[in-house]
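Below: one structure, written as C-alpha cells.
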Amino acid sequence: QQPVQSPQAVILREGEDAVINCSSSKALYSVHWYRQKHGEAPVFLMILLKGGEQKGHEKISASFNEKKQQSSLYLTASQLSYSGTYFCGTGASGSARQLTFGSGTQLTVLP
Amino acid sequence: NAGVTQTPKFRVLKTGQSMTLLCAQDMNHEYMYWYRQDPGMGLRLIHYSVGEGTTAKGEVPDGYNVSRLKKQNFLLGLESAAPSQTSVYFCASTHRGSYEAFFGQGTRLTVV
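What follows is the structure in C-alpha cells.
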C-alpha cells in the first residue's frame with residue numbers, strides 16, 4: 254500500500270523552513286527520500302533504516318519513527334534550488350530496495 | 467561516465483503495437499529497476515532484477531515483460547500496448563552495497 258505524504262503542496266519564501274511527512278500502514282524497514290525537478294529524473298537525498306540514526310545533509314535532515322511507521326523530512330532555511338517534488342519511498346524487511354513511493358509533495362520556494 | 471541511459475526518450479505507439487525500452491548502466495550495479503510514473507501516483511515498481519539472468523515482479527507487472535541478459539542492460543517490453551500504459555518510464559540501478567538508486571532520464575511513452 255502506498256505511503257501517504259503530507260502536505261501535497263507547499264509554497265515558501267526563501268529562508269523559511271518546511272516539514273514533509275510520510276506515513277505508512279505497513280511495518281517499515283527503510284524510508285528513502287528523493288527530490289525530482291520538473292522534467293528530470295529523481296535524485297536520491299537520504300535513507301533511514303530501522304534502528305538507524307537520524308540523517309542529515311547540510312540544511313536537509315530526516316527522522317524515522319519506527320513505532321508510528323512515519324518519517325519526516327526537514328528543510329531548513331530553504332533555498333530556491335530546493336524547489337521540486339519530494340517523494341518518500343518505503344521498503345520492508347527483506348526487500349528494502351523494492352520501494353513503494355508516495356504520491357509526492359510539491360515544494361515551491363519563492364524569492 | 468554516463469550513469470543510467472534510457473533509449474528512446476520519447477515514443478508514440480498505436481494500440482496493439484509492441485516495443486522494447488532499453489536501460490543501460492555503466493556503474494557495474496547489481497540491482498536494476500523499471501518504474502512508471504503517472505500524475506498524482508508517484509513512482510510504481512514494474513519489475514526489478516537483482517543480478518544478471520534474474521528478474522522479479524514488482525507492484526504493477528501486468529502487460530510488461532523484462533529481460534536481463536547482460537549485467538549492464540535491463541530491457542522492458544510491451545507486447546501489445548494499451549492506452550493505460552501511457553506514462554513516463556524510469557529505469558534505476560543500485561549497487562549491492564548501497565541503497566542509493568540512480569535514475570535514468572526517463573522515457574515518455576504515449577499509446578494512442
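Chains as they are written, first to last, in the numbering used here: chain A, 254 to 364; chain B, 467 to 578.
All residues carry an ideal CB built from backbone N, CA and C; glycine is no exception.
What you are looking at is a predicted structure, and each value in this text was computed from that prediction instead of being measured.
What first and last residue would you give for the beta strand (DSSP E) that runs through residue i?
i, result
"R510 of chain B", "G508 to G517"
"K536 of chain B", "Unbroken run through K536 of chain B: none, as it is neither H nor E."
"L360 of chain A", "T358 to L363"
"K279 of chain A", "That residue, K279 of chain A, is in no beta strand (DSSP E); it is neither H nor E in DSSP."
"A522 of chain B", "T520 to K523"
"Q472 of chain B", "V470 to T473"
"Q351 of chain A", "S348 to F354"
"R562 of chain B", "R562 of chain B -> no beta strand (DSSP E), and no H or E assigned at all."
"V296 of chain A", "V296 to L302"
Helix, strand or coil: which one does DSSP assign to residue i?
i, result
"Y287 of chain A", "strand"
"S336 of chain A", "coil"
"Q322 of chain A", "coil"
"Q483 of chain B", "coil"
"Q551 of chain B", "helix"
"Q255 of chain A", "coil"
"N494 of chain B", "coil"
"D504 of chain B", "strand"
"A262 of chain A", "strand"
"T329 of chain A", "coil"
"Y499 of chain B", "strand"
"V578 of chain B", "coil"
"V526 of chain B", "coil"
"G572 of chain B", "coil"
"S314 of chain A", "strand"
"G543 of chain B", "strand"
"G342 of chain A", "strand"
Just mark residue i as buried or exposed, buried being the case when its beta carbon has 16 or more other beta carbons within 10 Å.
i, result
"T520 of chain B", "exposed"
"L360 of chain A", "buried"
"I264 of chain A", "exposed"
"V478 of chain B", "exposed"
"T358 of chain A", "buried"
"Q332 of chain A", "exposed"
"R266 of chain A", "exposed"
"G524 of chain B", "buried"
"G201 of chain A", "Past the boundaries of the shown model lies residue 201 of chain A; chain A is included only from 254 to 364, so the question cannot be answered."
"T353 of chain A", "buried"
"R350 of chain A", "buried"
"S579 of chain B", "Because chain B is modelled from 467 through 578, residue 579 of chain B falls outside the range shown and cannot be assessed."
"P295 of chain A", "buried"
"H291 of chain A", "exposed"
"T576 of chain B", "exposed"
"G563 of chain B", "exposed"
"L535 of chain B", "exposed"
"A330 of chain A", "exposed"
"G482 of chain B", "exposed"
"A490 of chain B", "buried"
Please look up how many angstroms separate the CB atoms of residue i and residue j, rounded, as I've assumed it's under 8 angstroms.
i, j, result
"N539 of chain B", "L488 of chain B", "7 angstroms"
"Y287 of chain A", "L302 of chain A", "Contact flag wrong, Cβ pair sits at about 16 angstroms."
"S533 of chain B", "R502 of chain B", "S533 of chain B to R502 of chain B, Cβ: 18 angstroms. No contact."
"F556 of chain B", "G543 of chain B", "Not confirmed; about 16 angstroms, so no contact."
"K480 of chain B", "V578 of chain B", "6 angstroms"
"F297 of chain A", "E518 of chain B", "Contact doesn't hold; Cβ gap of about 24 angstroms is too wide."
"S550 of chain B", "Y497 of chain B", "With a Cβ gap of about 27 angstroms, S550 of chain B and Y497 of chain B do not count as contacting."
"G506 of chain B", "Q255 of chain A", "No, G506 of chain B and Q255 of chain A are not in contact; Cβ-Cβ is about 11 angstroms, not under 8 angstroms."
- Task: Give a yes or no on contact between the region 310 to 319 of chain A and the region 254 to 267 of chain A, applying the rule of three or more CB pairs nearer than 8 angstroms.
- Result: Flag = no, the region 310 to 319 of chain A and the region 254 to 267 of chain A do not touch.
I want to know whether the region 269 to 277 of chain A touches the region 325 to 344 of chain A - three or more CB-CB distances under 8 angstroms.
Yes, the region 269 to 277 of chain A is in contact with the region 325 to 344 of chain A.
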